[in-house]
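Residue numbers (our numbering): 1 to 267.
Right under this line is the structure:
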């Protein structure tokens, strides 16, 4: 029996826990490291999982998932490092924390996997990218895929691409929500009740995403299929081009990538 410890019981930590439980992982194979007594009681009541100290969780687990804020990672590694042993797998879900940083704070030879998840994991539609550390092999990556696969899709990438991944899928839900928010406000401006505008926009986004995934058709082709010559869509798209929306998205993602690099360098 393989035991997984999830250290950090915030939103993403609970998301991983709940995904594993929904996927059929027995709760006696799961541990949670959490210091707050009220939060520990809440998770025990909700999932029937054992909530223990970070050191105890680390000592008892085969795989340790670190789901804390980047600024808290150094202190956590100092705390649990003495309990990490050869043969354990350490999986980090902290943005900007490199495998090199993790390996420098852990015993020699411990395999680590770096993960960039995103918030749609809350509804089992997450997109997680994983990258191996120096001592990580295919079996370790498969274990990490099994963990993250409980909350959505998983993609293997080289670590040098992680900053770009952060800018695209890690931060990506915020871009989509921003567009949805803007479209709803436009609907209200055009005279629709807010509830009606919200229903129209949300279903349009959900349906469009499903078309992209299920048809496999390039988005340019799908966009052209909606765009009649001299029609309403053509008029709208022209305004988006005039206002350089495409360039703004590129600039925004470059800024996110650069910030991810800064976080990695700061670690």
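Beta carbons: idealized from backbone N, C-alpha and C, even for Gly.
Item: Give me, in chain order, the residues of the same chain whose beta-carbon lies closer than 8 Å to that of residue 95; leave out the 5 immediate sequence neighbours on both sides.; Value: 70, 116, 166, 170, 260 and 263
Item: Would you mind stating whether residue 197 and residue 188 have Cβ atoms separated by less than 9 Å?; Value: yes
Item: So for residue 110, helix, strand or coil by DSSP?; Value: coil
Item: Could you name the residues that DSSP lists as bridge partners for residue 116?; Value: 129
Item: Relative to the C-alpha of residue 27, which residue among 45, 176, 122 and 91 is closest?; Value: 45
Item: Whose CA, out of 92, 139 and 58, lies closest to the CA of residue 269?; Value: Limits of the chain in this structure are 1 at one end and 267 at the other, which puts residue 269 out of reach.
Item: With distance defined between alpha-carbon atoms, name the residue in 203, 241, 237 and 130 nearest to residue 141.; Value: 130
Item: Tell me the residue span of the beta strand (DSSP E) that contains residue 192.; Value: Segment: none, residue 192 is in no beta strand (DSSP E) and carries neither H nor E.
Item: Are residue 52 and residue 84 closer than 9 Å when you measure CB to CB?; Value: no
Item: Just the Cα atoms here: how many angstroms apart are residue 75 and residue 100?; Value: 16 Å
Item: Can you check the segment 141-185 for any alpha helix (DSSP H) of at least 4 residues that lies completely inside it and give the ranges in chain order?; Value: 162-165
Item: Relative to the C-alpha of residue 144, which candidate in 122, 114 and 135 has its C-alpha closest?; Value: 114
Item: As a quick exercise: from 107, 150 and 163, pick the residue whose alpha carbon is nearest that of residue 88.; Value: 107
Item: Can you name the start and end residues of the beta strand (DSSP E) that residue 91 belongs to?; Value: 89-92
Item: Below 8 Å, can you find three or more Cβ-Cβ pairs linking the segment 212-220 to the segment 228-239?; Value: no
Item: Going by C-alpha to C-alpha distance, which of 39, 179, 48 and 30 sits closest to residue 248?; Value: 179
Item: Taking residue 19 as the reference, which of 227, 120, 199 and 98 has the closest Cα?; Value: 120
Item: Please determine, among 62, 68, 109 and 156, the residue with the shortest C-alpha to C-alpha distance to residue 127.; Value: 156
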